[in-house]
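A quick write-up on the structure given underneath.
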Amino acid sequence: MANPVANLFRIPELKSKILFTLLCLAVYRTGAHVTAPGIDVNALRAYVGQLQGTAFGIYDMFVGGGLSRATVFALGIMPYISA
Numbered sequence: 001m002a003n004p005v006a007n008l009f010r011i012p013e014l015k016s017k018i019l020f021t022l023l024c025l026a027v028y029r030t031g032a033h034v035t036a037p038g039i040d041v042n043a044l045r046a047y048v049g050q051l052q053g054t055a056f057g058i059y060d061m062f063v064g065g066g067l068s069r070a071t072v073f074a075l076g077i078m079p080y081i082s083a
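No gaps in the numbering here: position 75 of the sequence shown is 75 in the UniProt record's numbering, and each next residue is one more.
Spelled out as structure tokens, the structure:
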């Protein structure tokens, strides 16, 4: 029996959709690690350290620490979850 994963890439439409999805994930993960310009990360990290245990600290935990690192995609999917 043929390998099922290899069969996925034999269908052109499915192959393009899978590659597009992987590209979108790569762009998102890259943007989640790029620091926003003009922000003093050390000062922000010190401020966020004081807010541990508050609602902001819990929110930062749910977005994967993106707010404490001041990343480009800091909001993540939280707007969709809270809507």
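Backbone N, C-alpha and C fix where the C-beta goes; we use that ideal spot for every residue, glycine too.
- Per DSSP, the unbroken alpha helix (DSSP H) holding Arg29 starts and ends at Pro12 to Gly31.
- Of the other Cβ atoms in all chains shown, fewer than 16 fall within 10 Å of the Cβ of Arg29; this residue is therefore exposed.
- Residue environment analysis places Thr21 among the exposed positions, since fewer than 16 neighbouring C-beta atoms fall within 10 angstroms of its C-beta.
- For Ile58, the uninterrupted alpha helix (DSSP H) segment begins and ends at Ala55 to Phe62.
- The segment 3-18 and the segment 31-48 do not touch, with fewer than 3 CB-CB distances between them shorter than 8 Å.
- Between Ala70 and Leu51, the C-beta gap is not smaller than 8 Å, which leaves the two residues out of contact.
- Its chain contains no residue whose beta carbon lies nearer than 7 Å to that of Ile81 once the 5 sequence neighbours on both sides are disregarded.
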